[in-house]
Structures are given as C-alpha cells and as structure tokens.
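Since the structure comes first, as structure tokens, the remarks are kept for the end.
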Amino acid sequence: MEPARPEGGTAIELKGAVFTLPVLKLRSVELGAIEHELKVHLARGLNFFKHAPLVVDLELVRERADKLDFAALAGSLHDLQLFTVGVRNATPEQAERAVAAGLAVLKGGITRDNELASSEKPVAEELPVATEVSRRRTRIVSQPVRSGQQIYAKGCDLVVLSSVNVGAEVLADGNIHVYGSLRGRAFAGVSEDTTARIFAQAMEPELAAIAGNYQVFDEPAASRLYGKAAQIYLDDEQLVIAPL
Amino acid sequence: MSKVIVVTSGKGGVGKTTTSASFAAGLAGRGHRTVVIDFDIGLRNLDLVMGCERRVVYDFVNVINEEATLKQALIRDKTDSNLHILPASQTRDKDAFTREKVGKVIRELRDNFDYIVCDSPAGIEKGALMALFYADEALVVTNPEISSVRDSDRILGMLAAKSLRAIKDYEPIKEHLVVTRYCPTRAETGEMLSLDDIQELLGIELIGVIPESEAVLNASNAGIPVIRDEQSSSGQAYQDMVSRFLGEDVPMRFLEVEKKGFLKRIFGA
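Sequences listed follow chains E and H, in order. Sequential numbering of the first sequence, starting at 0, is according to numbering that gives the first Met the number 0. Sequential numbering of the second sequence, starting at 0, is according to numbering that gives the first Met the number 0.
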C-alpha cells in the first residue's frame with residue numbers, strides 16, 4: 000500500500016539554494032594538534048562558528064592525508080559543536096574514505112581569502128579560516144525594460160543599466176540594481192531570500208517586493224525619496240526605503 | 000537597398016495614418032519610389048487620407064490570397080508617380096494574414112520600391128504585430144500624454160522582441176520618435192507632457208515634432224497628405240521629419256510658444 004499523501008499532493012519539494020560555508024583548511028593531519036588549535040580559536044570567542052556546518056579542505060595535506068581518519072576528525076569537530084558536512088580537494092582514494100565516513104565530497108567553489116581568525120602573527124601551525132562563497136552569476140540587461148515586458152533573473156542578481164518603465168516587471172532570486180529609473184514593479188529575493196535588496200538611481204516603483212513582502216506606492220510623490228537614489232530592504236517583514 | 004518602415008503607436012487616434020501618408024508622400028516627393036501599405040484590415044482609412052478611396056478595386060487581402068496581383072492592387076497617387084498605395088480590405092478580417100504570405104508580398108515590393116511604409120493598426124494584436132514584423136526601421140507616433148507614451152513603450156518592447164530582426168538576432172530595428180499634436184503653450188503650463196519628459200520616458204531619439212494644427216484635419220478631409228500643405232506648420236514639420244530621416248541635420252521648429260505681439264515688446268525683457 001502506498002503511504003498516505005500529505006495535503007498538496009507531494010511529501011517533499013526539491014529546491015536548489017546557495018549557502019556560504021566556512022572552510023577548515025588543514026595544514027596538519029594530526030588530530031590532537033587540529034583539535035587543540037581549534038579550541039584556541041573558539042576560546043577567542045569566534046561564536047560565529049558555533050554549530051556551523053563546516054567543509055574540510057585537504058588541499059595542503061593531500062600527500063599526508065592518506066592515513067587521516069575522517070570519522071575521528073568529524074567526531075572531534077563534533078565535540079567542538081562543529082558539523083562537518085564534507086571534504087574538498089580530496090584524492091579519489093581520500094574521497095572514497097570520506098564518503099565511507101558519512102561525509103560529502105564537494106567540488107569547486109571560490110574561496111575568499113580574508114582570514115577571519117585573528118590579526119595576531121600566526122603561531123607555528125595556525126589554521127587560517129576562510130569563507131566559502133559560491134559565486135552567483137548576474138544577469139545584465141542593457142536595454143530599457145518596457146511596459147509589458149517581464150524579466151526574471153533566476154538564481155542570480157539582476158542589473159538593469161537603463162530604466163524599468165511603468166508597466167514593466169523585473170524579478171530576481173537575488174538583488175535588483177537599476178541604474179536608470181525604477182518606475183515599474185520590482186520583486187527581489189523571489190525564492191524567499193529575505194536578505195535581497197532593491198537598488199535604483201531613481202526610485203519610483205509602482206510596487207516593490209522582497210521575498211514576498213510587498214508595498215505599493217500609490218502616492219509616490221508623498222515619499223521624500225521619490226525619484227532619488229535609494230535602496231529597499233527588508234527589516235522584520237517591513238520594507239524599508241533608505242537613501243543611498 | 001529598400002527599407003521597410005513601420006509607423007506604429009500602440010494607442011489609437013494619435014496620428015499613425017496621418018504620419019504614414021505624409022511620410023510616404025514626403026519620401027516620394029524627393030524622388031524615392033515609395034509604397035504605403037494599410038495594415039488596418041477592416042477599418043481602412045489610409046485610402047481616405049490619401050484621397051484614393053474611389054479607386055480601390057483590389058486590396059492587400061486580395062493580393063495575399065492571390066486573387067489579384069500586386070500590380071492590379073497598387074494605386075498610383077494622383078499627383079506623384081513615385082507614390083503608390085496598397086489599401087486595406089474593408090470587408091475581410093485579419094485572419095488572412097500569415098507571416099509567410101505577408102513576407103512574400105513585402106519581398107515583391109522590395110524589388111520595386113525604395114521605401115515601404117507600413118501603416119499599423121492600433122493595439123498590440125495580430126494586425127499590429129504583422130505590420131512591424133518585417134520592419135527595418137520604426138516611426139513610433141506618440142501624443143504628449145501619459146497613456147499614449149505608455150502604449151508606445153509597450154510597442155517599443157514588441158519591436159525589440161517580436162520582429163523578424165529580433166527573432167533572427169539581426170541588428171535591431173532602428174526606432175524614431177514622432178511626437179504629434181504637440182501644443183507648446185499647453186506643454187509650458189504643464190497640461191501636456193514636455194518633449195523632455197517623453198524622451199526621458201521612452202529613451203529613443205526624436206525625429207519629428209508635429210504641432211497641433213487645424214490643417215491636419217482639413218487635409219484629411221480633403222484627401223491630401225498634410226505634408227503637401229506648405230503653408231501649415233504641420234506640413235513643414237513633416238517635411239523636416241522626412242529630411243531628418245534621410246540624414247539631413249535640420250533643427251526642430253514649432254517648439255516655442257509664439258512671441259506675443261506689441262505688449263510683449265513693450266513689457267518684455
């Protein structure tokens with residue numbers, strides 16, 4: 000017998016999403032040393048990493064990591080309340096063992112190299128902590144967006160070099176930038192990204208929405224920012240318009 | 000190289016047919032072989048404005064359905080042998096149009112004429128889309144009021160998306176803005192949109208400003224394109240527009256409020 004289907008017809012929904020993950024770049028394969036230095040870092044109050052999903056980068060220890068026990072590493076990280084989700088820059092053999100230890104194998108990714116660790120001179124084997132940023136591509140529109148036209152930047156930001164005219168609609172999963180006048184309707188963060196923003200050189204929208212929270216501007220001239228360079232962002236489910 | 004120019008606007012009653020007739024007559028008057036096609040099937044007007052309504056035997060739909068040859072359907076202008084009219088049908092409907100059939104007629108016209116002017120119907124339906132489909136350039140006719148400007152914006156979007164040039168990814172249609180029924184006094188007092196406002200909203204290059212004038216209505220009633228009324232400001236403005244289209248550098252006229260008479264001379268600065 001088939002299991003009972005929930006309301007709406009399907010039990011799950013599969014969606015893609017972009018996350019920023021901290022990367023732990025190993026310079027040593029000695030568990031004790033890794034654990035010790037991490038404890039020092041965490042003791043400095045880097046609470047940012049508490050309960051953080053973590054990617055272990057093997058780039059610098061590829062030659063030496065053949066004996067690394069991934070399960071034990073994940074275990075000791077877990078004791079520090081860090082959740083290892085996967086490894087990257089692993090050799091095929093290491094990848095196989097990582098999978099066996101219940102870790103995912105990540106490919107690609109661009110690493111921002113600002114070290115979040117500290118400004119102190121690095122001690123013997125300091126662990127630089129970098130942040131993983133999966134790059135969003137940007138859709139650029141150089142023509143005016145005219146009445147009746149609709150442009151959706153799926154999975155990325157939208158940049159309009161000209162104006163978005165009355166009766167036109169621009170949508171983006173990310174931010175929307177309009178370097179002319181925004182006179183039409185703008186929907187940023189349409190797949191529920193509440194951190195998305197709308198920027199315009201001349202803010203005169205008919206309607207602006209971020210992650211489904213919308214506002215109509217039926218008396219636009221009443222706003223002191225009407226026609227000015229401004230941004231719109233979401234603060235506690237309220238749209239805020241602020242000058243640029 | 001022949002050129003296909005669509006005269007379009009989105010909104011009705013802004014002066015597409017008047018502009019088509021005068022533009023075509025102006026091109027022909029300078030020695031270019033020109034044909035003007037009425038795409039407004041079912042509501043034909045161009046023949047009236049051109050003063051040839053009594054000479055219509057066959058029409059565009061007859062040619063499309065191969066019931067008549069182009070030669071039979073083309074009407075030569077009374078005074079200018081360079082100018083021909085392909086009238087619309089008053090009785091058929093626009094379902095007769097298909098891209099292939101219209102394309103075949105346009106190709107045949109390209110072999111015989113320098114300029115093919117397509118007078119578009121109002122709206123954004125099939126007739127309007129057909130009129131703009133084969134265009135190389137476009138005259139977008141707008142009145143200085145907000146609904147007309149918005150409809151023109153819509154049609155500009157269509158030009159950029161639904162034309163042959165857009166679909167085939169050729170060089171895009173060259174767009175020109177024609178502002179008709181312009182009244183400087185009312186623009187100055189803010190009753191009408193100013194030229195700057197219109198250009199700012201539409202973002203295309205201005206090729207002509209035709210002042211509001213009684214001469215336009217009189218010329219339409221008489222069946223003579225207003226461009227042939229050399230005394231009228233509208234006729235002169237259309238002549239200027241044709242010159243600019245042909246690449247001449249002509250300053251815009253009739254934009255300023257006319258100087259007041261002797262009181263202004265006494266009290267004016």
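Don't be surprised by glycine CBs; every beta carbon is placed ideally from N, CA and C. In this text, all values refer to a predicted model and were calculated from it rather than measured experimentally.
query	result
When the distance is taken between beta carbons, is P120/H closer than 7 angstroms to F38/H?	yes
Distance, Cα to Cα, V54/E vs N88/E?	10 angstroms
Using the Cα positions of L209/E and L238/E, report the straight-line distance between them to the nearest angstrom.	According to the sequence displayed, residue 209/E carries Ile and not Leu. Taking the straight line joining both Cα atoms gives about 8 angstroms.
Under 7 angstroms, Cβ to Cβ, is there at least one residue of chain H near Q148/E?	yes
If you check the beta carbons only, do S193/H and S212/H fall under 7 angstroms apart?	no
For G166/E, return the contacting residues in chain H, with the cut-off set at a CB-CB distance below 8 angstroms.	R149, D152, R153
When the Cα of S46/H is compared with those of V60/H, V62/H, F22/H, I74/H, which residue comes out closest?	First, the residue type needs correcting, since residue 46/H is Asp and not Ser in the sequence shown. Measuring from the Cα of D46/H, the nearest candidate turns out to be I74/H.
When you compare only the Cα positions, how much space is there between A95/H and A130/H?	13 angstroms
Cβ of V116/H within 7 angstroms of Cβ of K15/H?	no
When the cut-off is 7 angstroms and only beta carbons count, does G202/H lie next to chain E?	yes
Going along the chain, which residues of its own chain have a beta-carbon closer than 7 angstroms to the beta-carbon of D96/E, five neighbours each way excluded?	Note that residue 96/E is Arg in the sequence shown here, rather than Asp. F69, listed in sequence order.
Please list, in chain order, the residues of the stretch 196 to 230 of chain E that have any C-beta partner in chain H closer than 8 angstroms.	none
Closest to V189/E by CA distance: which of I150/E, M202/E, N164/E is it?	I150/E
Please report the residue range of the alpha helix (DSSP H) in which F244/H lies.	232 to 244
Nearest CA to the CA of L128/H: which residue from N111/H, I105/H, D135/H, I154/H?	I154/H
For the pair the stretch 217 to 231 of chain E and the stretch 0 to 15 of chain H, tell me if three or more CB-CB distances fall below 8 angstroms.	no
Does the distance from the C-beta atom of L81/E to that of A100/E stay below 7 angstroms?	no
Using CA atoms only, rank isn't needed, just tell me which of A221/H, K103/H, M0/H is closest to T68/H.	K103/H
Check each residue of the stretch 156 to 167 of chain H: if its Cβ is closer than 7 angstroms to any Cβ of chain E, include it; give the result in chain order.	G156, A159
Hey, could you find the ends of the alpha helix (DSSP H) I166/H is sitting in?	163 to 166
Which ranges does the beta strand (DSSP E) cover as unbroken runs of at least 3 residues, wholly within the stretch 176 to 238 of chain H, from first to last along the chain?	204 to 210
Using 10 angstroms around the beta-carbon of V256/H, count the other beta-carbons present and answer buried if the total reaches 16, otherwise exposed.	exposed
With respect to the beta strand (DSSP E) encompassing P242/E, which residues constitute its N-terminal and C-terminal limits?	237 to 242
Starting from L233/E, follow the beta strand (DSSP E) in both directions and report where the run begins and ends.	229 to 234
Does R184/E have its Cβ less than 7 angstroms from a Cβ in chain H?	no
Which whole-angstrom value describes the C-beta separation of L200/H and V148/H, a residue pair presumed to lie in contact below a C-beta threshold of 8 angstroms?	5 angstroms
Less than 7 angstroms between the C-beta atoms of R184/E and E203/E, yes or no?	no
Relative to the alpha-carbon of V86/E, which residue among D156/E, A73/E, H77/E has its alpha-carbon at the smallest distance?	A73/E
Would you mind sorting D56/E into buried or exposed? The rule is 16 or more other CB atoms within 10 Å of its CB.	buried
Skipping 5 residues on each side, what residues in its chain have a beta carbon closer than 8 angstroms to that of K38/E?	L79
Near T18/H, what residues of its chain come up, given a Cβ to Cβ distance below 7 angstroms and the 5 sequence neighbours on each side ignored?	V6, L138, V140, V177, T179
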